[in-house]
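Visitor: Pasting a structure here, questions to come.
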């Protein structure tokens, strides 16, 4: 069987940062069809954005976000434009990445773990020397308690067709204690975030979002829902946490913004010994 020194679960920003520091011996597997879903697909722009990066990999990504105007001077992120920049960054870092790939089985092996993957080519079994799990809820094979998810939300991108002024104009006052709003870098752009119960499934979450939005006051009437995120926003406790020997959990969603998540992945890889 094929041997992989390091298997990174989740093409999250923490996972990508870990892979960029670990070298060609690392393989990233991701069940979604695109990387960075914990921020990009959930419409989570992040908060407490820094002015400077702490690592070279972070600096390259931050400079590109700023150069293209995706992250503005007031640290507001235009989330729909992030994906192509991240894909270009992944190619630049030469990260080995398998998208739309599920882990269906993990078993102990003398050289680490025997892992069975399901992807477009069928089933593939390999041996991983180490596993780093950067997903929000943890792998089902790891017996991680789902209560590690401290916060769950559904987000929507809002648009105002007829707007006045610029993006510095404050948004109307919030009208529901479950809802919070973040201004985008454009005057016509904002993101609404609805806090959910841990048990809410996707249909329930969408119904709650629509019900709250239909009850919006007059000040919010010019705003419409342009798109709803296709995955939940999650928050979890920070890692790294040892799950089993040579199996670490580093949830990317734990960090305040995608740059922090990426750089925490880089720094965690350095602490574990760097390249593989």
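Numbering (the numbering used here), first residue to last: 14 to 289.
Every residue gets a Cβ at the ideal spot worked out from N, C-alpha and C, and that includes glycine.
Rounding to the nearest angstrom, what Cα-Cα distance links residue 229 and residue 88 in this structure?
Guide: As a position in the chain shown, residue 229 is number 216, starting the count at 1. As a position in the chain shown, residue 88 is number 75, starting the count at 1. Each residue's Cα considered, the two are about 27 Å apart.
Visitor: Report the residue ranges of all alpha helix (DSSP H) runs contained in full by the segment 124-199; include only those spanning at least 4 residues, in chain order.
Guide: none
Visitor: What's the call for residue 250, buried or exposed, on a 16-neighbour Cβ count within 10 Å?
Guide: Residue 250 sits at position 237 when you count from the first residue of the chain shown. Per the 10 Å Cβ criterion, exposed.
Visitor: Three-state secondary structure (DSSP) at residue 221?
Guide: Here residue 221 corresponds to residue number 208 of the chain shown, with the count starting at 1. Helix at residue 221.
Visitor: Helix or strand or just coil, what does DSSP make of residue 106?
Guide: Counting from 1 along the chain shown, the entry for residue 106 is found at position 93. In this structure, residue 106 counts as helix in the three-state DSSP scheme.
Visitor: Do residue 44 and residue 115 have their beta-carbon atoms positioned less than 8 Å apart in this structure?
Guide: Indexing the chain shown from 1 puts residue 115 at position 102. Indexing the chain shown from 1 puts residue 44 at position 31. Yes, the Cβ-Cβ distance between residue 115 and residue 44 is below 8 Å.
Visitor: What three-state label does DSSP hand residue 226 in the structure shown?
Guide: Sequence index remark: in the chain shown, residue 226 carries index 213 (1-based). Correct three-state label for residue 226: helix.
Visitor: Here's the rule I'm using: 16 or more other beta-carbon atoms within 10 Å means buried, otherwise exposed. How should residue 69 be labelled?
Guide: If you number the chain shown from 1, residue 69 lands on position 56. By the neighbour-count rule (16 or more Cβ atoms within 10 Å), residue 69 is not buried but exposed.
Visitor: My understanding is that residue 204 touches residue 194, with C-beta atoms under 8 Å, so please give their C-beta distance in whole angstroms.
Guide: In the chain shown, residue 204 corresponds to position 191, counting from 1. In the chain shown, residue 194 corresponds to position 181, counting from 1. Their Cβ separation, rounded to whole angstroms, is 7 Å, which keeps residue 204 and residue 194 in contact under 8 Å.
Visitor: Name the residue from 285, 267 and 184 whose alpha carbon lies nearest to the alpha carbon of residue 57.
Guide: Numbered from its first residue, the chain shown carries residue 57 at position 44. Minimum Cα-Cα distance from residue 57 among the listed residues 285, 267 and 184 corresponds to 267.
Visitor: Just grab the DSSP bridge partners of residue 241 for me.
Guide: The sequence position of residue 241 within the chain shown is 228, counting from 1. Looking at the DSSP assignment, residue 241 forms a beta bridge with 169.
Visitor: For residue 169, which residues from the same chain have a beta carbon less than 6 Å from its beta carbon, with the 5 sequence-adjacent residues on both sides left out?
Guide: Looking up residue 169 in the chain shown gives position 156. These residues qualify, in order along the chain: 205, 238 and 241.
Visitor: Just the C-alpha distance for residue 264 and residue 19, rounded to the nearest angstrom, thanks.
Guide: Here residue 264 corresponds to residue number 251 of the chain shown, with the count starting at 1. Here residue 19 corresponds to residue number 6 of the chain shown, with the count starting at 1. Taking the straight line joining both Cα atoms gives about 17 Å.
Visitor: Could you give the first and the last residue of the continuous beta strand (DSSP E) run that contains residue 15?
Guide: Reading the chain shown from its first residue, position 2 is the one you call residue 15. Its beta strand (DSSP E) spans residues 15-22.
Visitor: What distance in whole Å lies between the Cβ atoms of residue 108 and residue 41, which are believed to be in contact at a cut-off of 8 Å?
Guide: Locating residue 41 in the chain shown gives position 28, counting from the first residue. Locating residue 108 in the chain shown gives position 95, counting from the first residue. That pair is a contact at about 6 Å.
Visitor: Got a sec? Which residues, its chain only, sit under 6 Å from residue 15 by beta carbon, not counting five neighbours each side?
Guide: What you label residue 15 is simply residue 2 of the chain shown in a count that begins at 1. Correct list, in chain order: 139.
Visitor: For the beta strand (DSSP E) containing residue 208, name the first residue and the last one.
Guide: As a first step, residue 208 is located in the chain shown; it is residue number 195 there, counting from the start. Run containing residue 208: 202-208, per the beta strand (DSSP E) assignment.
Visitor: Identify, in the order they occur along the chain, each residue of the same chain with its Cβ nearer than 8 Å to the Cβ of residue 113, setting aside the five sequence neighbours on each side.
Guide: Counting from 1 along the chain shown, the entry for residue 113 is found at position 100. Cβ within range, chain order: 43, 44, 45, 46, 132 and 133.
Visitor: Enumerate in chain order the residues of its own chain whose CB-to-CB distance from residue 260 is below 6 Å, with the five nearest sequence positions on each side excluded.
Guide: Taking the chain shown and counting its residues from 1, one reaches residue 260 at position 247. Cβ contact annotation for residue 260 (same chain, cutoff 6 Å, sequence separation greater than five): 144, in chain order.
Visitor: So, for residue 162: in the same chain, excluding its five sequence neighbours on each side, which residues have a beta-carbon less than 8 Å away from its beta-carbon?
Guide: For the purposes of this step, residue 162 is identified with residue 149 of the chain shown, where counting begins at 1. These residues qualify, in order along the chain: 149, 150, 211, 247, 248 and 249.
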